[in-house]
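There are 2 protein chains.
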Amino acid sequence: MDTPMQKPHDRLATLLSGDMDGVNALIRERMASKHAPRIPEVTAHLVEAGGKRLRPLLTLASARLCGYEGPFHVHLAATVEFIHTATLLHDDVVDESKQRRGRPTANLLWDNKSSVLVGDYLFARAFQLMVEPGNLRVLNILSNAAATIAEGEVLQLTAAQDLRTNEDIYLQVVRGKTAALFSAATEVGGVIAGVEEEQVQALFDYGDALGIAFQIVDDLLDYQGDSSATGKNVGDDFRERKLTLPVIKAIAAADDEERAFWKRTIEKGDQQDGDLEHALALLNKHGALDATRADAQAWTDKAKASMEKLPQSELRDLLVELADFVVSRVY
Amino acid sequence: MDTPMQKPHDRLATLLSGDMDGVNALIRERMASKHAPRIPEVTAHLVEAGGKRLRPLLTLASARLCGYEGPFHVHLAATVEFIHTATLLHDDVVDESKQRRGRPTANLLWDNKSSVLVGDYLFARAFQLMVEPGNLRVLNILSNAAATIAEGEVLQLTAAQDLRTNEDIYLQVVRGKTAALFSAATEVGGVIAGVEEEQVQALFDYGDALGIAFQIVDDLLDYQGDSSATGKNVGDDFRERKLTLPVIKAIAAADDEERAFWKRTIEKGDQQDGDLEHALALLNKHGALDATRADAQAWTDKAKASMEKLPQSELRDLLVELADFVVSRVY
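Just so you know, the sequences run in chain order A and B.
With the first letter of the first sequence counted as 1, position 18 gets the number 18 in my numbering; the numbers rise by one all the way through.
With the first letter of the second sequence counted as 1, position 225 gets the number 1225 in my numbering; the numbers rise by one all the way through.
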């Protein structure tokens, strides 16, 4: 099974399969509710839809890479997955999404109420889990991450259709919606293992840069992707009027006429046949897709470089490959 | 100012005004967001609407009553208020409410998205705050309370219009939606003060019983209240098809014809002119309002009795008076 052709996160999952069994068992145990059967129904729909479990894998890999032998990396990995799942439930309500991981969303199958309240339950369960290792620094990191995630989501709400949104604001949103949980996932692995500060920082940097690269790639694929490979339709973000990095770069280089086009289509949401094609032409004219790809590559390189501070091992090699794999999707 | 005519929670607020100033300052400081101004806008709308701040007062009173001299009861009181505020934001989305504390709700003034995400932010801020005292038992109590609250809300979602909902299920819902935060608020006051187990348990029991009495009184006022005094219209819960204690008691004593009436009006939601009057007649026929009042009184008595395990003081007297005051609204 372990061939070089397998994707790096699949090989991580194989290498850490004993730990992941523990994480999955803990998730099943803690998503239960004695009184409210609706909770495990909604949660199972999402948790068992076959997500990649990338974030808990990052926690397990970070802890093991730092030589951790105790039991609590499993709790922290489950915590991270619960926070992620809660966020997805609430995101789908906020975005009025109808599909997630190829299946109808919980807000569609049940209702918005269930998604909001079951999301709250999973947040609370995450906090119960993160208390169990009894490590105050871990609690600080994860509660800070939860605040950064929510702040990023609110910022996105106001910034998404505002043409003044620049690359700095985009980066804040991305750190909130994606990178904060990646960096917390890797950082707590090092903290629980008790490694020295420089290595903890390197793990944080890896997660932060990987998360940013991951989100930039996602936003780029929306304009250049092959929908059969990505499962996304080209132009979804354009139609939903989301200001992502490619468009931000094109707007920064726009003349008056182009600015008026973006204002009409993104800010006012007045879109007509042919607008997506025109948007793509403008992105190409200003080299915005190439520049976005270069940014994703730079964050990937940063992630890989930070791994040099950690001990050489098969796990470290896989984390480096994972960073390469994330950006490989846009070449 | 300090006359016997003042309500007990106003006198608590006066007695603890120095501590409450600290709580209010901390709430203002922590509801800020560097990046997302929408967050303090939404939060301020609710926080500054003049709620009674009953839950933080319970934490401050419990800690002081136990002789606590440190600074962290203020953090825990702010934590409890943030959890409460987050819950209100999400409740108003779930209930599609239009008014709260006599003002338009945040979901109406902004949108559901803002209420969901700002609520998440306040939950995260609450967890950051509760970590600061560095007390793991406090973290356990408050994260357990957060899970119980969310579980109770989900249970209510499925139980509210289900005629099989009995008094046991009602009590679980009430513990979740109201009593769990009351009992956590009082219990952490004792824990942070480091008093002995019997007194911690007494504080938990007081908060639990007070919270249950509080919610039963609220549900009873919905059927017997004077709308000018309570700000609620008689029959709101009936119109919203909420199965609360008075109706549960009437259903338990119903004959077949009465059962059919409750099935039509509550389960199916098919309500006609005169139905509320008929419902009130059935509640009176079976003595359901009197029996509900007796339950509220019994919980009040339990709350007062638990205070006997704590040292005699002005604060203890006020907590006893507070329990009497809660139930006095239905006589």
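Here a beta-carbon is modelled for each residue, glycine too, at the ideal position from N, C-alpha and C.
Query                                                                                                                                                                                          : Result
If the cut-off is 9 Å on Cβ atoms, which residues from the region 34-45 of chain A count as contacting chain B, listed in chain order?                                                         : Lys34, His35, Ala36, Pro37, Arg38, Ile39 and Val42
Grab me the residues of Gln1224 of chain B's own chain with a C-beta within less than 8 Å of its C-beta, minus the 5 sequence neighbours each way, in chain order.                             : Val1234, Leu1289 and Val1330
For a test of the three-state rule: what should DSSP assign to Leu322 of chain A, helix, strand or coil?                                                                                       : helix
Tell me whether the beta-carbon of Val138 of chain A lies closer than 8 Å to the beta-carbon of Val217 of chain A.                                                                             : no
Tell me which residue opens and which closes the alpha helix (DSSP H) that Ile1149 of chain B is part of.                                                                                      : Leu1136 to Ala1159
Could you name the residues of the region 1149-1178 of chain B whose beta carbon sits closer than 7 Å to any beta carbon of chain A, in the order they occur along the chain?                  : Ala1150, Glu1151, Glu1153, Val1154, Leu1155, Leu1157, Thr1158 and Gln1172
With three or more C-beta pairs closer than 8 Å as the rule, is the region 44-57 of chain A touching the region 86-105 of chain A?                                                             : yes
Using beta-carbon positions only, say whether Leu1310 of chain B and Gln1199 of chain B come within less than 8 Å of one another.                                                              : yes
With 8 Å as the threshold, decide whether the Cβ of Ala77 of chain A is near any Cβ in chain B.                                                                                                : no
Distance check for Pro1246 of chain B and His1009 of chain B, CA to CA, integer angstroms please.                                                                                              : 27 Å
Hey, could you find the ends of the alpha helix (DSSP H) Leu129 of chain A is sitting in?                                                                                                      : Asn112 to Val131
Quick check on Asp21 of chain A: buried or exposed, where buried means 16 or more other Cβ atoms within 10 Å of its Cβ?                                                                        : exposed
For the region 1125-1148 of chain B, list every residue whose C-beta sits within 7 Å of some C-beta in chain A, in sequence order.                                                             : Arg1125, Phe1127, Gln1128, Val1131, Gly1134, Leu1136, Leu1139, Asn1140, Ser1143, Asn1144, Ala1146 and Ala1147
Let me know the secondary structure DSSP gives Pro1311 of chain B once reduced to three states.                                                                                                : coil
Among all the DSSP beta bridges, which residues are the ones paired with Arg1100 of chain B?                                                                                                   : B:Arg1103
If contact is defined by three or more beta carbon pairs under 8 Å, each pair taking one atom from either stretch, is the region 12-20 of chain A in contact with the region 58-72 of chain A? : yes
Using only CA atoms, which one of A:Gly70, A:His84 and A:Leu60 lies nearest to Ala77 of chain A?                                                                                               : A:Leu60
Over the uninterrupted alpha helix (DSSP H) stretch that includes Pro71 of chain A, give me the two end residues.                                                                              : That residue, Pro71 of chain A, is in no alpha helix (DSSP H); it is neither H nor E in DSSP.
So what does DSSP say about Tyr223 of chain A, is it helix, strand or coil?                                                                                                                    : helix
Which runs of the alpha helix (DSSP H) fall wholly inside the region 254-283 of chain A and span at least 4 residues, in chain order?                                                          : 256-262
If I measure Cβ to Cβ from Ile1248 of chain B and keep anything under 7 Å in the same chain, skipping five residues before and after, which residues do I get?                                 : Thr1165, Asn1166, Glu1167 and Tyr1170
Between the C-alpha atoms of Glu257 of chain A and Arg264 of chain A, what's the straight-line distance to the nearest angstrom?                                                               : 11 Å
When the Cβ atoms of the region 148-167 of chain A are set against those of the region 1153-1162 of chain B, are three or more pairs found closer than 8 Å?                                    : no
Could you check whether Pro1040 of chain B and Met1031 of chain B sit closer than 8 Å to each other, using their CB atoms as the reference points?                                             : yes
Can you give the Cα-Cα distance for Glu1069 of chain B and Ala1193 of chain B, rounded to whole angstroms?                                                                                     : 8 Å
Under 8 Å between C-beta atoms, does Phe1082 of chain B make it to chain A?                                                                                                                    : no
Could you name the residues of chain A that Val1093 of chain B contacts, counting a contact when the two beta carbons are closer than 7 Å?                                                     : Val116
Using a Cβ-Cβ distance under 8 Å, would Phe1204 of chain B count as near chain A?                                                                                                              : no
Compute every distance between the C-beta of Ala1061 of chain B and the non-hydrogen atoms of the ligand GTP, then say whether any falls below 7 Å.                                            : With respect to small molecules bound, the structure shown includes none, and the ligand GTP cannot be examined in it.
Between Phe1261 of chain B and chain A, is any beta-carbon pair separated by less than 8 Å?                                                                                                    : no
Could you tell me the alpha carbon to alpha carbon distance between Gly176 of chain A and Lys1007 of chain B, rounded to whole angstroms?                                                      : 44 Å
For a contact meaning CB atoms closer than 8 Å, what does His1090 of chain B contact in chain A?                                                                                               : Val116, Leu117 and Asp120
Could you compute how far the alpha carbon of Asp1295 of chain B sits from the alpha carbon of Arg239 of chain A?                                                                              : 56 Å
Which residue marks the beginning of the alpha helix (DSSP H) containing Asn1024 of chain B, and which one marks its end?                                                                      : Ser1017 to Arg1030
Does the separation of the CB atoms of Thr300 of chain A and Ala213 of chain A fall below 8 Å?                                                                                                 : yes
Can you tell me whether DSSP reads Ser1033 of chain B as helix, strand or coil?                                                                                                                : coil
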